[in-house]
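Here is the structure we will look at, set down as structure tokens.
Chains as they are written, first to last, in our numbering: chain A, -11 to 322; chain B, 138 to 953.
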């Protein structure tokens, strides 16, 4: 057999064994026995020198061609086998639960608060805040509720055991005073926050709860403005089908004072015609005088409501204490 | 305040259904909280006259009667024996029902039917069948029919004959504290009159005076020693009354609105209080002490310090000098405006009665009532402000009713001591103001109509820019112009004011941006796998002091387990973990953003905190993986804290380990920013403490001061170019003493100043064989890179050797 013939048969054998290799190690082995340092081709190459000078270029060319052919097949077989190796061996069960990262949830009260805040902000309100430990001036006196006023009856107050008769604010309205004392009109703020009343905890009471309140002070602010804004906010918070009704009421720091009832499909499902939802009114001239605003120049309105009540209605929660127990099975529902 | 529909209709005409009335009053600011229909008693039972009684043709024990029911004659078959023609008896008409007997659930309905072949058109009734106790209505208790008085009007409903009320509707009204005038039937009727334009019918107050009756000044003297607290005191005297039960209508009326009938004199004072809003008190005149001249004398004075006084309810109370007492020359006889005294109340044998109608200062009554913990219908009305002009009117009304119901004869005239007369207020209302507040134009004549309808007098002469109005004495809430604006809008109707779309100034407040940071932080924490908790602000002092000794207490806590303000979010979070454990939620990862309170140098201080609490499984449940059962440990808590601090853009944060465990934390560190700024705390709870909440897995807590974080927040970001040249990595594993910390390693690295070092990463900590006891193996990976060229192997080797040498030298490390 001539060298050329041997080359041909070695090439055929190499191609066959590469094609037959079932996996990457077998392929590597086949490659080694063909074109590796101890491979058949390498051995044949060494005999190239023994050929007559004039034959060498042709055989050399044939060598290179055969080697190239093997390399091409090797590369394509390697790609094939690698792809096959990457294929999963068993089918993936897509019905089994995935590996979760366990993202947490925001407390329902935070979510409801933020929805209400967003509704107010869309109308140009800025979020304001004030201390939870208050004094009687900001919580009552400046709000036109003097010490012996019967209206203080309804607000049983926690007092701090420290000099100065500081107390836990019973409503977010104290922030009205704080803001108006330090900022000139016009004012347009929304105040979410914790408030405190001396009520024993039961399904509808917790000594700690949340209120949110809007205050708008400007020139020529009217009851019509109050109604318009209240309607805009509640449509966003309670849905577009909500209907509101305003009826006269009494709060010491507004005059006229109004209570707001609402109704929608949910209220009717509860078997009621109206549900009380908020209180509001035009800021009392005395309150303006107490913060140094001229009531002849400035007018304004305030309205406020409980966040728990909205959250309870929205999510169908029947016990206010659930908010403060923080059972993770409860928290994860929102 | 409860009131009935019929009662209101006695005072004012209106033709609304109860539901319509409730709606109208509610929209007027007088919220109707309940509407309860009371059916009439003895519906379909009338007084019948027996015209003839004949034997039944087919039964010995029955008779066939002809009776007249007021409309016509009817034939009735009856089994009773105790009556005769001419008697008046109760007849129940066909279609009406008898109340169910004991043990029966269904009422018995009467039908026209044949009894032993004879038709019967109704039934004559016994007391038992009607459910009446004959003794209670002063009738003979006979076996058989209830025989009525001979003068009973034929055809009259039995209820009317008995003085029982007809069908009525009870309205339960929520009266706001500014409107004491509405704590009376008259006040509510006045509002209806203003709405409808129909006149208010006056209560009858005229009473007969005996021509030569002695003047009341011979019965009694009144001396007001505290005119600031008692502006007016009126007294009337009636002699020769007969105290006894009130008639049925009066008892029924009081019961319907929730008052217990007592006797005719006391019931009259209560009735008149409900009618007029003016509390009255009746004294037994003979029990009053006399002055030196032998004349019974009422002294209105302040109590002395520690004075004992026994009120009508039999309780002896210690009074103080701020309390007003009605007294005689020797003793107290009533706690003014709150409750009468046990020593001078109306007795069954009382004959001479003093009727007191007075005005007391609201603040004083309120303080007294609060100090003594004694609230009565009278104090409720006085402390909100009674109508000083109603005192005499109500007293006259009571006198009329006492004479009518209890007999006796009135002494002539009245003692009316009225030392402090406050003129009625006058308020000017400018049309401009109405327009300005309401945003609509209401014609001035209409505004005037509304005000007049509410009893304001005006417009008075001589007013300039607006109209001037005199406020009626009962409207203590009307003080200034804006109050009149409210009256106008009430009567005009809030629903008639059109809503105007939101407009006007754009608001601003420094907290606005902070609110956003808190909300974003909430979402970051949720993204880190924590659920948000909202804990109680009020926690138990014991739990709070476990965390910090400086705790703010409540002066008036509700209970022992909520007696202080939380000084940290940890006590609340521990409670929440315990609560969850009790419900078998063992894997809990929580955060809370809220305020905490501490004793500061200048009084109470509050601040915002982020709290973190972890216990139980590190990962959500999963069905494969080597570390799926891993529990949270301190590194999990620290990792979360690091994410937060990085999000706030804080650099150079240190964790300083507390060398000794505390009674609360077995392992802990304070988180700081530089040497002076404390950012927070992190730690693992002592197992013994955790066990109290039945928490068995490690409990990790962290708390970060958000006020500091916010102040030091750095949100400025700038982009660095990504590296253009490859890096070279070198690893070191070494055995060191247990006391060597990661910070020590980093310090050693810094001291070696290796060139081109880009990053150092701890990738393994190992304890146990073959590492000797008390030592550990640390493995670090070093990344070297130059910004401007590809590093050569030799220069990295040289730099890295300096690091390894530094480890050997300063850490006594043995490279592995």
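Backbone N, C-alpha and C fix where the C-beta goes; we use that ideal spot for every residue, glycine too. If you're wondering where the values come from, they're calculated on a predicted model, not measured in any experiment.
>> Let me check one thing: in DSSP terms, what residues is residue 751 of chain B bridge-paired to?
In response: B:726 and B:837
> In its own chain, which residues sit with a C-beta less than 7 Å from the C-beta of residue 407 of chain B, not counting the 5 before and 5 after it?
Replying inline: 391 and 396
> Does the beta-carbon of residue 852 of chain B have 16 or more other beta-carbons within 10 angstroms, so that it is buried, or is it exposed?
Replying inline: exposed
> Does DSSP put residue 248 of chain A in a helix, in a strand, or in coil?
Replying inline: strand
>> Under 8 Å: do the segment 340 to 358 of chain B and the segment 611 to 630 of chain B share three or more Cβ pairs, one atom per stretch?
In response: no
> Who are the neighbours of residue 270 of chain A on chain B, taking C-beta pairs under 7 Å?
Replying inline: 574
> Are the segment 589 to 596 of chain B and the segment 277 to 296 of chain B touching by the rule of at least three beta carbon pairs closer than 8 Å?
Replying inline: no
>> Measuring straight from C-alpha to C-alpha, what distance separates residue 317 of chain B and residue 678 of chain B?
In response: 42 Å
>> With a threshold of 6 Å on Cβ separation, who are the neighbours of residue -1 of chain A within its own chain once the five nearest residues in sequence on each side are excluded?
In response: 54
> Taking the runs of the beta strand (DSSP E) that are 3 residues or longer, which of them lie wholly in the segment 851 to 907 of chain B?
Replying inline: 865 to 874 and 894 to 903
>> Measuring CB atoms only, is the segment 297 to 307 of chain B touching the segment 236 to 248 of chain B, in the sense that at least three cross pairs come out at less than 8 Å?
In response: no
> Quick one: which chain B residues come within Cβ less than 7 Å of residue 63 of chain A?
Replying inline: Those within 7 Å of residue 63 of chain A in chain B number zero; the least Cβ separation is about 26 Å.
> Taking the C-alpha atoms as reference points, what is the distance between residue 184 of chain A and residue 299 of chain A?
Replying inline: 18 Å
> Rounded to a whole number of angstroms, what is the C-alpha to C-alpha distance between residue 832 of chain B and residue 188 of chain A?
Replying inline: 28 Å
> Applying a beta-carbon distance threshold of less than 7 Å, which residues of chain B neighbour residue 148 of chain A?
Replying inline: 689, 691, 692 and 741
>> If we require 4 or more residues per run, which alpha helix (DSSP H) segments fall completely within the segment 470 to 536 of chain B?
In response: 499 to 509 and 514 to 521
> First and last residue of the alpha helix (DSSP H) that includes residue 455 of chain B?
Replying inline: Here residue 455 of chain B belongs to no alpha helix (DSSP H); instead the beta strand (DSSP E) covers 453 to 455.
> Which of the three DSSP states, helix, strand or coil, is assigned to residue 153 of chain B?
Replying inline: coil
> With DSSP run on the structure shown, which of helix, strand or coil describes residue 257 of chain B?
Replying inline: strand
>> If we define contact as Cβ-Cβ less than 9 Å, is residue 113 of chain A a contact residue for chain B?
In response: yes
> What's the C-alpha gap between residue 376 of chain B and residue 473 of chain B?
Replying inline: 24 Å
> What does a CB cutoff of less than 8 Å around residue 3 of chain A pick up in its chain, not counting 5 residues either side in sequence?
Replying inline: 57, 58 and 61
>> Considering only the alpha carbon of each residue, which of B:829, B:601 and B:370 lies closest to residue 434 of chain B?
In response: B:370
> Can you name the residues of chain B whose CB is closer than 7 Å to the CB of residue 287 of chain A?
Replying inline: 573 and 574
>> My assumption, with CB atoms under 8 Å, is that residue 378 of chain B sits in contact with residue 550 of chain B. Please give the rounded CB distance.
In response: 18 Å between Cβ atoms; not a contact.
>> Just checking: is the beta-carbon of residue 193 of chain B within a distance shorter than 9 Å of some beta-carbon in chain A?
In response: no
> So is residue 442 of chain B buried or exposed if we call it buried at 16+ other beta carbons inside 10 Å?
Replying inline: exposed
>> Between residue 807 of chain B and chain A, is the shortest Cβ-Cβ distance under 9 Å, so that the two count as touching?
In response: no
>> Please state whether the Cβ-Cβ distance between residue 384 of chain B and residue 401 of chain B is less than 9 Å.
In response: yes
> residue 284 of chain B by DSSP, collapsed to three states: which one?
Replying inline: coil
>> With a threshold of 9 Å between beta carbons, is residue 26 of chain A in contact with chain B?
In response: no
>> Distance cutoff 9 Å, beta carbons only. Does residue 656 of chain B sit that close to anything in chain A?
In response: yes
>> Taking the straight line between their C-alpha atoms, what separation do you get for residue 124 of chain A and residue 278 of chain A?
In response: 14 Å
> Taking the Cβ atom as the reference point for each residue, do residue 888 of chain B and residue 924 of chain B lie within a distance shorter than 9 Å?
Replying inline: no
> Helix, strand or coil: which one does DSSP assign to residue 652 of chain B?
Replying inline: helix
> residue 717 of chain B to residue 822 of chain B, Cα distance in whole Å?
Replying inline: 17 Å
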